[in-house]
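Sequential numbering of the sequence shown, starting at 402, is according to the working numbering.
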Amino acid sequence: MAIPLVKRKIVKKKTKPFLRHQHDRKITVPSSWRRPKGIDGRCRRKFKGLTIMPNIGYGSNKKTKHVLPNGFKKFLVHNVADLNMLMMMNRTYCAEVAHNVSTSKRKAIVERAAQLSVVLTNGDARLRSQESE
């Protein structure tokens with residue numbers, strides 16, 4: 402199995418979701434984020450103690466953006482030809498088999514990934530359930 406080229410510590414500046422202003426007061430207001438646009442809105446004017454708004458400062462570090470906890474970036478694979486693209490990039494990217502790939506094609510992808518030493522995030526996904534039946 403390949404190990405990641407560089408394993409950096411992933412720092413998330415905010416892990417809780419940004420919630421919509423007054424979603425807890427009115428049932429008709431859902432919690433999914435919407436930017437406040439009122440002319441007198443306290444939240445839009447950023448008064449102290451009110452709902453915080455998303456801005457560019459909460460963005461991830463460019464070097465750790467889209468990196469999984471195992472240190473790799475994810476690449477979606479539908480067939481063996483897609484997997485061959487990762488031949489030279491197996492220390493940076495790991496493969497994830499698409500959800501709609503059949504069991505027979507999945508077995509071929511798993512075998513080829515072992516030959517290329519590409520890490521698969523869901524390598525034993527549908528193989529497990531088929532063998533147990």
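Ideal Cβ positions, reconstructed from N, Cα and C, are used throughout, including at glycine. Nothing here was measured: the structure is a model prediction, and the numbers come from that model.
How about ASN523 and VAL498: are their beta carbons less than 7 Å apart?
Here residue 523 refers to the residue found at position 122 of the sequence shown. Here residue 498 refers to the residue found at position 97 of the sequence shown. Yes, the Cβ-Cβ distance between ASN523 and VAL498 is below 7 Å.
Excluding five sequence neighbours on each side, which residues of the same chain lie with their C-beta closer than 7 Å to the C-beta of SER432?
In the sequence shown, counting from the first residue as 1, residue 432 sits at position 31. Closer than 7 Å at Cβ, skipping near neighbours: LEU420, ARG421 and HIS424.
In angstroms, rounded to a whole number, what distance separates the CA positions of TYR494 and MET402? For the purposes of this step, residue 494 is identified with residue 93 of the sequence shown, where counting begins at 1. For the purposes of this step, residue 402 is identified with residue 1 of the sequence shown, where counting begins at 1. Across the structure, TYR494 and MET402 are spaced so that their CA atoms are roughly 12 Å apart.
* Residues bridged to LYS474 (per DSSP) -> For the purposes of this step, residue 474 is taken as residue 73 along the sequence shown, with counting starting at 1. By DSSP's assignment, LYS474 forms a beta bridge with VAL468 and TYR494.
message = According to DSSP, is LEU451 part of a helix, a strand, or is it coil?
response = To locate residue 451, count along the sequence shown from 1; it is residue 50. DSSP places LEU451 in coil when its eight states are reduced to three.
Task: Burial state of ASN491 (16 or more Cβ within 10 Å) - done: Counting from one through the sequence shown, the residue named residue 491 turns up at place 90. So ASN491 ends up on the buried side.
Margin query: Can you check which of these residues, ARG507, TYR459 and LEU406, is closest to LEU477 by C-alpha distance?
Written below: In the sequence shown, residue 477 corresponds to position 76, counting from 1. The option with the nearest alpha carbon to LEU477 is ARG507.
Next on the checklist: Report the CB separation of LEU469 from VAL519 in whole angstroms; it is logged as a contact under 8 Å.
Outcome noted: As a working note, residue 469 is residue 68 in the sequence shown. As a working note, residue 519 is residue 118 in the sequence shown. The pair is not a contact, with the Cβ atoms about 14 Å apart (cut-off 8 Å).
In chain order, what residues of the same chain have a beta carbon less than 6 Å from the beta carbon of LEU451, not counting five sequence neighbours either side?
-> Your numbering for residue 451 matches position 50 in the sequence shown. Contacts found: ARG443 and CYS444.
Q: Determine the contact status of GLY472 and PRO418, defining contact as a CB-CB distance below 7 Å.
A: Taking the first residue of the sequence shown as 1, we reach residue 472 at position 71. Taking the first residue of the sequence shown as 1, we reach residue 418 at position 17. Cβ atoms of GLY472 and PRO418: not closer than 7 Å.
- request: Could you spell out where the alpha helix (DSSP H) holding LEU484 opens and where it closes?
  value: Counted from its first residue, the sequence shown places residue 484 at position 83. For LEU484, the uninterrupted alpha helix (DSSP H) run begins and ends at 481-485, by DSSP.
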